[in-house]
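Sequential numbering of the sequence shown, starting at 59, is according to this note's numbering. Cβ atoms here follow ideal geometry from the backbone N, Cα and C, with glycine treated the same way.
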Amino acid sequence: MQNSLGFSHSLSDQTVRRQLVRASWLTIIMLLGPGLAASSQAQDDAKSEEPPAPVPFAVINAASVDRLLEDAQYVAEVSERPDLMNWLNEGLSAISDLGGVDRTRPFGALFYLDSGLPPIPFPVMYVPVTDERRLLDTLSIRDTKWKKSGTADSRYEMIDAPHMKLRFADGYAFLVRRGEWVLDEDLPNPVTFCEHLTNRYDIAASLRLGAIPEGIRQVFLGFLRSSTQTELQQRDDEPPAAYRIRRANGTGMLEFLEQLLTEGDEIRIGWDASREQRTGVLEIVLNAQPDSDYAKHLKNFAGTQTMFHSLASDQQPLTIVGSWKLDDREQKTYQEYVLAARETIEQQLTEQEQPTESLTGMYDSVTATIENGQIDVCLQFVAPEPEKFVIRGGVKLTGARTFGASLSQFLTQIQSNPDIGQIDVNYAEHQGITIHRLGKQDEGTDEGEQRLFGGLPSLLVGTGSQALWFAIGTDVALPSMKQAIDLVQQSVGQPPVTASGAAPIQLISRMNGWLQIPPRNRGDDGPRPFRLMAEEAFAGDDDSLRIEVRPTETGVRGRIQLDEGFLRLLGMAIGRQYDRSQL
């Protein structure tokens, strides 16, 4: 006879229990078997796919000790301070003359993110090695000793504070104070990892935005958005125009940082001095992620050629010429500036019971220029006569004629205001450009104006069919303004006199021109010591400062080139501080 489970009553209870257990295990295996098999396969895959080694998010790299010493020697020579090298060599002797260090290979620091919230960055210094034992002796500063760490021959730790840890690998010593775990990882070979920096710069720093984990960037952006929104609330008694400008600046900066953190790839700054070229060059590079919208904007930001290219002279104290495209974020910010300016002027006119219609044409022209998405400007500081300087320049406008008519109407309207200085509407005309003159109330010339302009300056404003022109100066301002207009008119349709592919943004400065400004009157004390040093450093023709900003395939590069006079001034300033320390 069988029971309801199908087992015979004649079987013992032990046999029944054994059969029940056997049936239960069979059921479990049938139900969980596929899952167990998948889990086993996943574990095998996990073993075969180890997590990638951590990647540095930043690096500071020096090409080599020898390269830096060559730069120091060059600066000491041009400044005629050879004793500076003796001072430097004395410092090196205090650290065993860098015994055990390979002076021909790069050194610096890699930066990683430690675990935890917020993740804390920490450096891993890398030093090229010729002799491990000698290097440990060199690193034993103030009698600090090293001992082996663990069982590996390549691992050491400092016995006393600051308790640094060290690992030898690939001909380098890697040192850390925190984040010891990174020494167990596959560290990059500095020679290959930093090759692009070593080949181009004597010393450089690179922030690798693309190497920062996405989650960390998003957390930072969330914090940034929250704090910015709080900060951008209107303050008590803050004028609407001031609030509009502050909000536009804050919103624009937030959007820029969002784009930089989400689509940026690298920010790099590097320095290279060349004895052969007799220059020092500082480069700042921003690279976006390839094929991103940010990369496309940076690559194409140059836009059309500037109409002011004929004014790009290297003979004036200062020349700035630029023509670049605005992205949507920049257009919105600039539009807010224009609205704030219009609101402020309209409020003042309303308080004086003056009509505001005269502003419409100027506002429409500037707005159309911004909407056109192209900025084209020039600013110069020139010296037509000794000790008589002029600031002059121009801005290309869409609807410049409309702007000019509106400007004439506005100046005529406020001409009778006793609180405003002398206004001469239609003061002059040149090449179809109507020029107005705005002078200060005759309250005497202050010392700064006398030193810079050689007298009481006035503002000249002119408009034609393409641009707004301006000049600030004394009686030499009008001829200087006309000269600039003539140079631009004559160059219409002609290529720049410089090589093709000129940078869309250029700044050229000659320090000798600035030194023609008379020094501030200090009584019997005479000129300041720094001015005397500058006059000596820039006594020759090696006084140029050149800044260029141009697009690359995935970003933009700014290049600051300093002539030898700046290196001479640097050496003289260091020598002066050294002399003071010896007193």
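Who pairs with residue i in a beta bridge, going by DSSP?
i	result
Met-222	Met-222 pairs with nothing; no bridge assigned.
Ser-523	None, per the DSSP bridge assignment.
Trp-204	Met-216
Met-183	Ala-167 and Leu-233
Ser-567	Leu-376 and Leu-603
Ser-516	Gly-497 and Gly-531
Glu-487	Thr-492
Ile-325	Leu-265 and Leu-344
Pro-609	Val-614
Val-159	Val-187
Ala-227	Tyr-230
Ile-481	Leu-496
Ala-331	Gly-338
Glu-443	Lys-446
Taking the beta strand (DSSP E) that residue i belongs to, which residues open and close that run?
i	result
Gly-451	446–454
Arg-578	First-last for Arg-578: undefined, no H or E at that position.
Ala-346	337–346
Gly-497	491–497
Leu-620	613–621
Val-117	116–120
What is the residue span of the alpha helix (DSSP H) that residue i lies within?
i	result
Lys-357	351–357
Ser-264	Element bounds for Ser-264: not the alpha helix (DSSP H) but the beta strand (DSSP E), 261–265.
Ala-508	Note that residue 508 is Gln in the sequence shown, not Ala. Counting along the chain, the alpha helix (DSSP H) containing Gln-508 begins and ends at 505–511.
Asn-147	141–151
Asn-257	253–258
Leu-573	No alpha helix (DSSP H) holds Leu-573; DSSP gives it neither H nor E.
Val-550	Where Val-550 is concerned, there is no enclosing alpha helix (DSSP H), given that its DSSP letter is neither H nor E.
Val-133	123–136
Phe-588	587–595
Ala-560	Careful: Ala-560 lies outside any alpha helix (DSSP H) and carries neither H nor E.
Ser-154	Ser-154 -> no alpha helix (DSSP H), and no H or E assigned at all.
Ala-463	458–472
Taking residue i as the reference, give the member of the options with the closest Cα.
i	options	result
Thr-427	Val-396, Gln-410, Pro-562 and Gln-405	Val-396
Ala-210	Ile-199, Ala-227, Asp-218 and Glu-253	Ala-227
Met-591	Tyr-184, Met-569 and Asp-351	Met-569
Leu-643	Phe-447, Val-534 and Ala-306	Here the chain comprises residues numbered 59 to 641, so residue 643 is not present and cannot be evaluated.
Val-187	Arg-302, Glu-341, Gly-462 and Phe-165	Phe-165
Thr-418	Trp-382, Asp-386 and Gly-462	Gly-462
Lys-354	Gln-640, Ile-217, Thr-612 and Ile-199	Thr-612
Gly-647	Thr-286, Ile-270, Tyr-301 and Pro-297	Only positions 59 to 641 of the chain appear in the structure, and residue 647 is not among them; the question remains open.
Leu-37	Ile-217, Pro-181 and Thr-256	This structure cannot speak to residue 37, because the chain is shown only from 59 to 641.
Ala-121	His-254, Leu-625 and Ser-151	His-254
Asp-242	Thr-408, Arg-626, Ala-529 and Gly-208	Gly-208
Ala-535	Thr-162, Ile-575, Gln-363 and Leu-518	Leu-518
Tyr-184	Val-117, Ala-299 and Thr-408	Val-117
Arg-608	Pro-476, Asp-422, Gln-363 and Ala-486	Gln-363
Glu-316	Tyr-352, Pro-298 and Gln-480	Tyr-352
Ile-56	Glu-594, Asn-257, Ala-300 and Leu-171	What is shown of the chain runs 59 to 641, which leaves residue 56 out entirely.
Leu-150	Leu-573, Ser-173, Phe-169 and Val-123	Val-123
Arg-235	Tyr-636, Arg-615 and Pro-179	Pro-179
Arg-163	Ala-152, Gly-308 and Gly-229	Gly-229
Ile-481	His-488, Ile-493 and Gln-489	Ile-493
Ser-264	Pro-140, Ala-167 and Cys-436	Ala-167
Met-143	Arg-638, Pro-413, Gly-633 and Ser-639	Gly-633
Gly-531	Gly-551, Glu-507, Phe-468 and Thr-521	Glu-507
So with Cβ pairs under 8 Å, would you call residue i a contact of chain B?
i	result
Lys-454	Here chain B cannot be found, since the structure has a single protein chain.
At a threshold of 7 Å, does residue i count as lining the ligand ZN (C-beta to nearest heavy atom)?
i	result
Thr-456	No copy of the ligand ZN appears in this structure; indeed no ligand is present at all.
request  = Evaluate contact between the segment 537–544 and the segment 435–452, counting only Cβ atoms and requiring at least three cross-stretch pairs below 8 Å.
outcome  = Result yes; three or more Cβ-Cβ pairs closer than 8 Å.
query = Taking contact to mean at least 3 C-beta pairs separated by less than 8 Å, is the segment 263–279 in contact with the segment 350–370?
reply = Too few Cβ pairs lie closer than 8 Å, so no.
task = For the segment 152–163 and the segment 285–294, state whether three or more C-beta atom pairs, one from each stretch, are separated by less than 8 Å.
result = Segments in contact, no.
query = Which runs of the beta strand (DSSP E), 3 residues or longer, sit entirely within the segment 272–321?
reply = Taking only runs of at least 3 residues, no beta strand (DSSP E) segment lies wholly in the segment 272–321.
ask   = Hey, which unbroken runs of the alpha helix (DSSP H) at 4 residues or more fall wholly within the segment 361–441?
value = Listed in chain order, they are 386–409 and 418–430.
inquiry  = Whether or not the segment 314–334 and the segment 126–136 are in contact is what I'm after, with contact meaning three or more pairs of Cβ atoms, one per stretch, closer than 8 Å; do they touch?
reply    = With a cut-off of 8 Å, the segment 314–334 and the segment 126–136 count as touching, because enough Cβ pairs lie within range.
Three CB pairs or more closer than 8 Å across the segment 516–532 and the segment 334–352 = The segment 516–532, when compared against the segment 334–352, does not touch it at the 8 Å Cβ threshold.
query = Any contact of the segment 196–205 with the segment 213–230, i.e. 3+ C-beta pairs under 8 Å?
reply = Touching, per the Cβ criterion.
Three or more C-beta pairs below 8 Å linking the segment 366–375 and the segment 624–634 = No, the segment 366–375 does not touch the segment 624–634.
query = Is there contact here, the segment 398–409 with the segment 449–464, by at least three beta-carbon pairs under 8 Å?
reply = Counting C-beta pairs with one atom in each stretch, the segment 398–409 and the segment 449–464 have fewer than three that are closer than 8 Å, which means they do not touch.
ask   = Are three or more beta carbon pairs between the segment 374–384 and the segment 564–578 nearer than 8 Å?
value = With a cut-off of 8 Å, the segment 564–578 and the segment 374–384 count as touching, because enough Cβ pairs lie within range.
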